[in-house]
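Have a look at the structure below, then the notes.
2 protein chains.
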Amino acid sequence: MSRMTDVPKRLLLGRALRSDRLSETLLPKRVALPVFASDPLSSVAYAPGEVLLVLSVAGVSAYHFSPWIAVAVVVLMFTVVASYRQNVRAYPSGGGDYEVATTNLGRRAGLTVASALLVDYVLTVAVSISSGVENLGSAVPFIVEHKTLVAVVMIVLLTLMNLRGVRESGKLFAIPTYCFVAGVFALIVWGVVRGAVLGEEMRAPTADYDIASEHTGGLSGLALSFLLLRAFSSGCAALTGVEAISNGVPAFRKPKSKNAATTLAMMGLIAVTMFCGVIALALSTGVKMAEDPAKDLLINGQPAGHDYTQNPVISQVAAAVFGDGSIPFIFLAAATALVLFLAANTAYNGFPLLGSILAQDRYLPRQLHTRGDRLAFSNGIVLLAGAAAILVVVYEADSTRLIQLYIVGVFVSFTLSQTGMVRHWNRHLRTERDQAKRRHMHRSRAINTFGAFFTGLVLIVVLITKFSHGAWVSLVGMALFYAVMTAIRRHYDLVAEELAADDTDEKTVRPSRVHSIVLVSKIHKPTLRALAYARLMRSDSLEAVTISVDADETVQLRKQWEERGIGVPLKILDSPYREVTRPVIEYVKRLRRENPRDVVSVYIPEYVVGRWYEQLLHNQSALRLKGRLLYTPGVMVTSVPWQLESSEAARKRAKRRAEWNAPGSVRRGPAIRPGAKSAAGMSSGKDGEGSGQRER
Amino acid sequence: MSRMTDVPKRLLLGRALRSDRLSETLLPKRVALPVFASDPLSSVAYAPGEVLLVLSVAGVSAYHFSPWIAVAVVVLMFTVVASYRQNVRAYPSGGGDYEVATTNLGRRAGLTVASALLVDYVLTVAVSISSGVENLGSAVPFIVEHKTLVAVVMIVLLTLMNLRGVRESGKLFAIPTYCFVAGVFALIVWGVVRGAVLGEEMRAPTADYDIASEHTGGLSGLALSFLLLRAFSSGCAALTGVEAISNGVPAFRKPKSKNAATTLAMMGLIAVTMFCGVIALALSTGVKMAEDPAKDLLINGQPAGHDYTQNPVISQVAAAVFGDGSIPFIFLAAATALVLFLAANTAYNGFPLLGSILAQDRYLPRQLHTRGDRLAFSNGIVLLAGAAAILVVVYEADSTRLIQLYIVGVFVSFTLSQTGMVRHWNRHLRTERDQAKRRHMHRSRAINTFGAFFTGLVLIVVLITKFSHGAWVSLVGMALFYAVMTAIRRHYDLVAEELAADDTDEKTVRPSRVHSIVLVSKIHKPTLRALAYARLMRSDSLEAVTISVDADETVQLRKQWEERGIGVPLKILDSPYREVTRPVIEYVKRLRRENPRDVVSVYIPEYVVGRWYEQLLHNQSALRLKGRLLYTPGVMVTSVPWQLESSEAARKRAKRRAEWNAPGSVRRGPAIRPGAKSAAGMSSGKDGEGSGQRER
């Protein structure tokens, strides 16, 4: 059919393919929330504890600062949420921070965000898994005793799950996330009821302990404020993953942007409520957290020692409110662990997607971009898991130490994305004339400006307060990713330049005639097929070529050749040293020398076998020969396959592989209408999306 | 040119290629001896010790049996040498035991010999290296302390050397071998002079020690004779590698057979002289060897204990004759070690060669057969080294324990080869009429019959006396090789059957028309070249196909396509999910469904890059697509390469790889005239040869 008729057909086809599953794919808010919020919500499991940990350095007395820090975190949370509500409206395509930064601040900024996000994914896995294990451990001591091992095992499990291509399902996410939220709220409510209404006294397991501190006398103003800033940066762990929704807009039901914005707000609200609730309960139940419990946590005046494991705040509070080992306590611990593992899983969904977008922009190997490329996705996933596992092992699955690395990346992308948004509004304000719209834009810009300023400030604070505590590690990681991606992009650009078709090409490149060669080892079906196919091609000249590796076999062959009366001349290349490759290469080169404007077309009969060990027994020399021929100019190499019976199995296997589901489909939402600047091209951020990628 | 003119040309060419290095390749006797005899001669370094070891079980008194055992070994040696002189005459092509057994006793026997030889190679490496280390250790104690480690390191070194394709050189072999022989003879002569002439008393380091034995009272007749048989079997270690020359005939200067036979005789003579000399000196210098020195060797009545290392007889004798640590002592120790390492190296030369012959007979993957197939050779070498290393580690580089495994394989091939020779003569006697020849044949047959009988007897003795001591291990190894090779052969036979061209094929296989497809991602030089080439092929229909992965890019592409006015219709396949493979496969399948008798020819533009990591960045989806297409019937896949500048490097690399020297070239001698039943095909045995393989 003609090219003209393709577009409509394609649109139709495309639609047809998509429409049938639209309903099932688009997420209602109640499902979208758990899908995108498992990461930010789960951070409630560790953020509060981090705050107390840091404060404890100035002694228990410093705990009374925690509400203020909570407030600061809340304000920050609202700022970030408000800012991202602007992103959501401005980039309904689901533009992630990478897109926002790239389009508004240029390639470098975009790449920085991308590096930050990649590091962020790794840490999401490391931190969430570690914290999950710690929470599980509060109910099952055995687990804590083998923390690192369990954490690594969990990573391996998640990896295998995602390698097998398990599809992310909204419902699968909804249940544990809602259980977790419900559990925490029940905890808070029941805590308030018991404490305020029934006036019962609730005491955390660590209530009677004390904390050793060099600064019992209280800290000097400067040192104190530094400490508070550090505590605050730790608290900022609660914000990780907030941006997720801004990448998922196309996955929402219509009106997409509005729904996304609402969900974002809900998410923020729930998160801060839980965060504050937990901190409040922690204070009222007298939870004690020490940075180094082994020596700083005093039990009846004695240091706790190394065999003491410090349970997460949330589980200590649960122990106080519900009673240690009670059903609701266990339930909450399980839900917390589960939601944390889900949070880790989001990284497995996001990483390959961001990868595919970076590949689209040629910062990563192209094949990451094409779909159903299991290999590429797998590599991404294994890379992610490997890095996370290394971190977990190095930091002994200690969430506290891992969080020091975590927050930097998050705020790098926050800041750049918000700054980008400011630019975005400025640009639009230049052209926009509608007063209402302008007013709206001004408001949005104001919000984003404040967001950029605030997150930027936090970033600086984090860098100052956390650098020596490990933030430098993630900076190194970012630099690494940045360097590699720039190198890859440079390579692609160079190649593109080298390959660019100038106008003369078609003339210079076009050769005059084709000389075809069919490689023959013996006369069997594959050879005959290759000969038949070659004949069909009506090239200017056709000959069969055999390499005389064994004198007798060659004599044999020539005899058969004449008997069968095959109408193609058989040329025999002498190979006294039993080489196959060189004689052919040399013969081809000679042909080229004789008529330089000719093209030599080499037909290689190949068997297609089923099993890898069969592969070892066949085609090896053919493969090697091909490899060599590809380096010889003016040659094309044609494989004429002959499918052996055993190949059936392999065909099926290959098919299965091609139909493999890449992780992270749901959150991407359906592909967007073709013609628009492909969301695939531009969408990105922690969870990529709109990439028009979906399983059938 | 026509087929007819090829044969003479090929002969000429072949000759031309060979003649230029004939001189440098053919070995004069004085060089052939060290090349082929390093293995059998070196066994003098451990064989005598083994005899004493076993005898010591019956106490020192039993040592006086050793001369008789030496005599037995000598007789056996002469028998074997005499027998192989017949082989050499009967199979000037350098027929190894494998050929002799296969042609005269059939496939099974041949395969058994082959398995035996393969095991034999592994053990040659293990034993020679271990013994080499022990001899070196007698001069440098440090080495003995880290025996296993040093041995493994040596194996690794040899392996790397052979992987790099170092060429075996006659001279390189000559020097250390002659040093060793000279050293041993000097030892004997000087020993005799000092002892008999000057009447000095020479005492070995262990002269004053005694040996504990449960049988001090002497053994019962039966037990004793069993012990003597065991001692004899151990002594037979001196015969390992004798057959080597019989494979190397074509490497000799003319008259090949005669020279080979002479060399064989010389070798036997030297070997037995050294063997007996060493044993005699060992007795007269009072060397004491115990099977378990730690507990059975008594120093002033006390067991030697575990930190005692028992030095090889040859070095103890040297210590007695030359004086411990004297220059000649060190010299001999070094020469011994060196010649032993050379002996190990012969296995590295023989293994891949036997492999290539077995491959020719389709018992091993075909590619082992083709020359310059570095990959295949490397695999063989690594396999050999790996197996040897495992043995060395398992047996702690203890040559004594390893030798228990060694001798079985050797005598399996001796026996079968000799039996084969008997058959050979019988066959010829049936036809031969010339009386002189017949007499000669009768003599030869008599010799071989005796050889077969004697070696067979020894084989039984070895099996009985050594089975529990480890011989079973090598039997298991042989069974393993046998099974694998049979399986491979079966596979090849099945495939051959499936592929066999019946007369109808050419009709059924021949399709009607070709529909060509050029895969286009963007318009650049590779695409244009692919288009140009495809056009040349004048197939019945030609279209360019692109997969619309990104809507914009596609629009772009179509625009350019029209601008350039490329005369080929551009078909756009919709791929809303960014797959590349599936749409193409499905499209091809559709074409096939529509006209089942058509062939679809798919042209894939490929870049050829230089470095492996560049490869990662390109062609991945092309490769995968090719893989899938090969499973689709009625399709041929054409790669149209575009060589990037960086590919130059890789081309050179590939060339180098193709010019790599496979080990074991010298001993193979030059290729034999084509037309003859290819010696390549049939020659074999410990060092394979005449395979018509040689470096340029």
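Protein chains in written order, with the UniProt record's numbering: chain A, 1 to 696; chain B, 1 to 696.
Yeah, the Cβ is synthetic: ideal placement off N, Cα and C, and Gly gets one too.
Computed from a predicted model, the values in this text were never measured in an experiment.
Can you list, in chain order, the residues of its chain whose CB lies under 7 Å from that of residue i, leaving out five sequence neighbours each side?
i: A/V410; result: D120, L239 and T240
i: B/T455; result: V80, F411, F414, T415 and Q418
i: B/R628; result: T581 and I585
i: A/S66; result: V51, L52, L55, I279 and L283
i: A/L531; result: V518, A544, I566 and V568
i: A/K589; result: T632
i: A/Y209; result: K288, L297, L298 and I299
Locate the alpha helix (DSSP H) running through residue i, then write down its first and last residues.
i: A/L298; result: Looking at the DSSP string, A/L298 is not in any alpha helix (DSSP H); the run it does join, the beta strand (DSSP E), is L297 to I299.
i: A/K571; result: Note, A/K571: premise wrong, no alpha helix (DSSP H); beta strand (DSSP E) at L570 to D574.
i: B/A530; result: K525 to L536
i: A/E519; result: What sits at residue 519 of chain A in the sequence shown is Leu, not Glu. That residue, A/L519, is in no alpha helix (DSSP H); its beta strand (DSSP E) goes V514 to L519.
i: A/Q404; result: S399 to T431
i: B/M485; result: A471 to L499
i: B/A70; result: S66 to A90
i: A/V113; result: R107 to A139
i: A/A359; result: I327 to Q360
Quick one: residues in its chain with C-beta nearer than 8 Å to the C-beta of residue i, no 5 flanking neighbours on either side, listed in chain order?
i: A/R611; result: S646, A649 and A650
i: B/F341; result: S128, I129, G132, M154 and L158
i: B/V382; result: T159 and L163
i: B/H306; result: A294
i: B/H428; result: M441
i: A/R597; result: P511, S512 and R513
i: A/T546; result: L519, V520, S521, T554, L557, L570, K571, I572 and L573
i: A/L623; result: none
Mind checking residue i: buried by the 16 CB within 10 Å criterion, or exposed?
i: A/K171; result: exposed
i: residue 697 of chain A; result: Since the first residue shown for chain A is 1 and the last is 696, residue 697 of chain A is missing from the structure and cannot be characterised.
i: B/V142; result: The question names Val, but residue 142 of chain B is Phe in the sequence shown. Under this definition B/F142 is an exposed residue.
i: B/P255; result: exposed
i: A/L405; result: buried
i: B/R107; result: exposed
i: B/Y98; result: buried
i: A/T431; result: exposed
i: A/P352; result: buried
Kindly list the residues whose CB is nearer than 6 Å to the CB of residue i, restricted to its own chain and excluding five residues on each side of it in sequence; keep chain order.
i: B/L338; result: P176
i: A/P328; result: F322
i: B/L26; result: R253
i: A/L499; result: none
i: B/H469; result: Q404
For the beta strand (DSSP E) containing residue i, list its first residue and its last residue.
i: B/I566; result: Per DSSP, B/I566 belongs to no beta strand (DSSP E) and is neither H nor E.
i: A/V193; result: First-last for A/V193: undefined, no H or E at that position.
i: A/A280; result: Unbroken run through A/A280 is the alpha helix (DSSP H), K256 to S284; no beta strand (DSSP E).
i: A/M636; result: V635 to Q643
i: B/S601; result: V599 to V608
What distance in whole Å lies between the Cβ atoms of residue j and residue i, which are believed to be in contact at a cut-off of 8 Å?
i: B/L573; j: B/V584; result: 7 Å
i: B/F275; j: B/V458; result: Going by Cβ atoms, the distance from B/F275 to B/V458 rounds to 16 Å, so no, they are not a contact pair.
Members of the stretch 86 to 102 of chain A that neighbour chain B once the beta carbon cut-off is set at 9 Å: Residues passing the 9 Å Cβ filter: none.
task: Would you list, in chain order, the members of the stretch 481 to 496 of chain A that have their beta-carbon closer than 8 Å to a beta-carbon of chain B?
output: I488, H491, Y492, V495 and A496
task: Name, going along the chain, the residues of the stretch 135 to 148 of chain A whose beta-carbon falls closer than 8 Å to a beta-carbon of chain B.
output: none
query: Between the stretch 626 to 645 of chain B and chain A, which residues of the former have CB atoms less than 9 Å from a CB of the latter, in chain order?
result: Listed in sequence order: K626, G627, R628, L629, L630, Y631, T632, P633, V635, M636, V637, T638, S639, V640, P641, W642, Q643, L644 and E645.
- prompt: Between the stretch 533 to 559 of chain B and chain A, which residues of the former have CB atoms less than 7 Å from a CB of the latter, in chain order?
  reply: Y533, L536, M537, R538, S539, S548, V549, D550, A551, D552 and R558
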